[in-house]
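Everything on this sheet refers to the single structure shown next.
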Amino acid sequence: MGTQPAAAGRQPGGPEGYVPDPRRWKALTVCLVVGFMALLDVSIVNVALPSIEEGLGAGESALSWVVSGYALTFGLVLVPSGRLGDAYGRRNAFLGGLVLFTLASVACGVAQTTGWLVVARLVQGMAGGLLNPQISGMIQQLFRGAERGRAFGMLGSTIGLSTAVGPLLGGVLIQVFGAAEGWRWVFFVNLPIGVVAFLLALRLVPPVCAESDPEHRQSLDPVGVLLLGAGVVAVMLPLVEERQWHGQGKWLLEPLGVALLLVFLWWEKRHRGRGLAPVVDLRLFRDRSYSLGALLGLLYFAGFTTIFFIFTLFLQNGMRYSALQAGLSLTPFAVGSAISAAVGGRFIHHVGRPLVAGGLVLVGLGLAGAGIAVDAVRSDAVGWALVAPMLVAGLGSGLVIAPNQTLALQDVPVAQGGAAGGVLQTGQRIGSAAGIAAVGAVFFAWLASSGDWATALDHGLIAAIAFVVAAFLVAVADVVYGRRQARRAAGRS
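So for the sequence shown, our numbering puts the first residue at 2; every next one is plus one.
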């Protein structure tokens, strides 16, 4: 997670003989559109839940699985999908995931029962998890140096926009098509995007994206895949079902999940020692940039994702905003994130980790300002009061997500770019689930005890800011450690 600028002419993660593909920026545009579509479906469905409840007569448990089932299968397949793309071609995996995602979206839109919808959402999440590692892997392969920072900056803008625009777009579709059937168009909107993106990908995405290293074309290590999948499910399931799965027995899955992940680490080390290609090359974690970047991403997403969760609850249920009004109130965050991510991508190789630390400070200040604004304006005008602080928080967020990913992956070999990116995104998904469970517990506890939505929001924001502060401490530790290493190196020279 280097704090020093990259050396001139350095091409992280790639061979010296790298030749830029003339189609790389057009290919990136296609990838970002598809990534936006897949990530959008994480947040857009939240505002459609009342419409799904009305249209299908769905109960609380089914509605929970419509949301959490997608997140669960999305996180489950990230690492194996990244490894698959590394070994057999990212273009093939990308196209296959895109077809599956588009078909699953149609299946969601035409669902006649809640069971049908839940199964389609599980498949849709799996397809989204297949797509996303290919995007980061192709950025690793198609770009080098400063261009890679710009590409990841554009990806960061896409992530921020998809998260924040989801509630807004969902609100628009439901308002246009009606409460009973509007939820179907939340899924149907993916059909034209998916078809056009597929045709463009056939033409623009380079056909050869697999590495020629025979080691990376060996068996995909099915034992490792099963151990990792079981561990991730055991860790995430109690978190995503925290409010719907009553009783304390669910938490027994957490130590089981940790144990399975420890066995996975042992197996991967043993598998590698036998000269076979593992799902995840554990030597990646020897790199401080990668290991601390993964930890920072997990902690930040634990706070970042919950912002939209608690604000949507507060605005729609507490202030009686419509889905469209709630989405508009959160739009400044998306605008700020998109702007700063694009700018930050251009400077990350010159500034390094301090840029991420500064972004985290802005996020914390923006969220604190949002809490103050809510307390000061206890009326329908609260949405206007949130514009400035949410813009500040968004500007900070854009300096965190993409720059952190750029720094984490800068020294990762291109041949492992998909799996390495999948590990980072799995950490983000686990962080999101843990954050929503923790911050949601604080939010609902204060709502139950005080009966006041603003008070519940205040305490939920404090919990979210705590995760942001933890991520900031990781960034500061890396800056300090990196500067000490630089001084030692200068002293030896």
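Beta carbons: idealized from backbone N, C-alpha and C, even for Gly.
Given the structure is predicted, the values throughout are model-derived calculations rather than measurements.
With DSSP run on the structure shown, which of helix, strand or coil describes residue i?
i      : result
Trp246 : coil
Ile463 : helix
Pro23  : coil
Thr313 : helix
Leu300 : helix
Ile45  : coil
Gly395 : helix
Ala211 : With a pLDDT of only 47 at Ala211, under the threshold of 50, the placement of this residue in the model should not be trusted; the figure read from the coordinates follows. Reduced to three states, the DSSP call for Ala211 is coil.
Ala446 : helix
Ala491 : helix
Ala382 : coil
Gly452 : coil
Leu277 : coil
Gly110 : helix
Ala180 : coil
Leu387 : coil
Val475 : helix
Pro414 : coil
Val206 : coil
Glu216 : For Glu216, the predicted structure reports a pLDDT of 49, less than 50, and the residue's modelled location is therefore unreliable. A value from the coordinates is still provided. If DSSP states are grouped into helix, strand and coil, Glu216 belongs with the helices.
In chain order, what residues of the same chain have a beta carbon less than 7 Å from the beta carbon of residue i, not counting five sequence neighbours either side?
i      : result
Asp214 : Any answer about Asp214 is weak, because its pLDDT of 48 lies below 50 and its placement is not dependable; what the coordinates show is given next. So the qualifying residues of the chain are Ala416.
Val226 : Pro81, Val280
Ala63  : Thr115, Val119
Met2   : Caution applies to Met2, whose pLDDT of 47 falls short of 50 and renders its modelled position unreliable; the model cannot decide the point.
Val470 : Gly365
Val335 : For the sequence presented, residue 335 should be read as Ala rather than Val. For Ala335, where only same-chain residues beyond five positions count, the Cβ hits under 7 Å are Gly161, Leu162, Ala165, Val166, Gly395.
Arg379 : Ala455
Glu216 : For Glu216, the pLDDT reaches just 49, beneath the cut-off of 50, and the residue's location in the model is therefore unreliable, leaving the point undetermined.
Between residue i and the rest of its own chain, which residues show a CB-CB distance below 6 Å, the 5 nearest in sequence each way excluded?
i      : result
Val34  : Ala198
Gly337 : Leu392, Gly395, Leu396
Ala211 : The predicted position of Ala211 is uncertain, since its pLDDT is 47 and thus under 50; no value can be drawn from it.
Ala59  : Ile53, Thr115
Pro390 : Gly367, Gly370, Ala371, Ala374
Gln429 : Gly298, Phe302
Met38  : Asn191, Ile194
Phe75  : Gly126, Gly129, Gly130
Gly172 : Val48, Ala324, Leu325, Gly328
Looking at the secondary structure, which residues open and close the alpha helix (DSSP H) in which residue i lies?
i      : result
Ile349 : 324-352
Asn318 : Looking at the DSSP string, Asn318 is not in any alpha helix (DSSP H), and its letter there is neither H nor E.
Thr407 : 402-410
Thr115 : 115-143
Trp184 : 183-189
Gly258 : 254-274
Leu285 : Run containing Leu285: none; DSSP gives neither H nor E here.
Pro223 : 223-241
Within the same chain, show all residues whose beta-carbon is closer than 8 Å to that of residue i, passing over the 5 residues directly before and after it, in chain order.
i      : result
Phe445 : Arg244, Ala457
Gly452 : none
Val375 : Phe315, Val383, Ala386, Leu387, Ala455, Leu458, Asp459
Val475 : Leu293, Leu296, Leu297, Leu300
Pro1   : A query on residue 1 cannot be resolved here, the shown segment of the chain reaching from 2 to 494 and no further.
Could you tell me whether any Cβ in chain D is nearer than 8 Å to the Cβ of residue i?
i      : result
Thr103 : Structure shown: chain D not included; a single protein chain is present.
Notebook entry, point to check: Taking the runs of the alpha helix (DSSP H) that are 4 residues or longer, which of them lie wholly in the region 49-106?
Noted result: Contiguous alpha helix (DSSP H) elements confined to the region 49-106 occur at 50-57, 61-89, taking only those with 4 or more residues.
Notebook entry, point to check: Can we say the region 97-106 touches the region 126-133, given the rule of at least three CB pairs closer than 8 Å?
Noted result: With the cut-off at 8 Å, the region 97-106 and the region 126-133 touch.
Note to self: For the structure I just gave you, are there three or more beta carbon pairs, one from the region 279-296 and one from the region 397-416, closer than 8 Å?
What the structure shows: Enough Cβ pairs lie closer than 8 Å, so yes.
Margin query: Within 8 Å, do at least three Cβ pairs link the region 423-436 to the region 236-254?
Written below: These segments touch.
Margin query: I want to know whether the region 190-204 touches the region 341-354 - three or more CB-CB distances under 8 Å.
Written below: No contact exists between the region 190-204 and the region 341-354.
Notebook entry, point to check: Do the region 105-115 and the region 152-160 meet, that is, are 3 or more Cβ pairs less than 8 Å apart?
Noted result: The region 105-115, when compared against the region 152-160, does not touch it at the 8 Å Cβ threshold.
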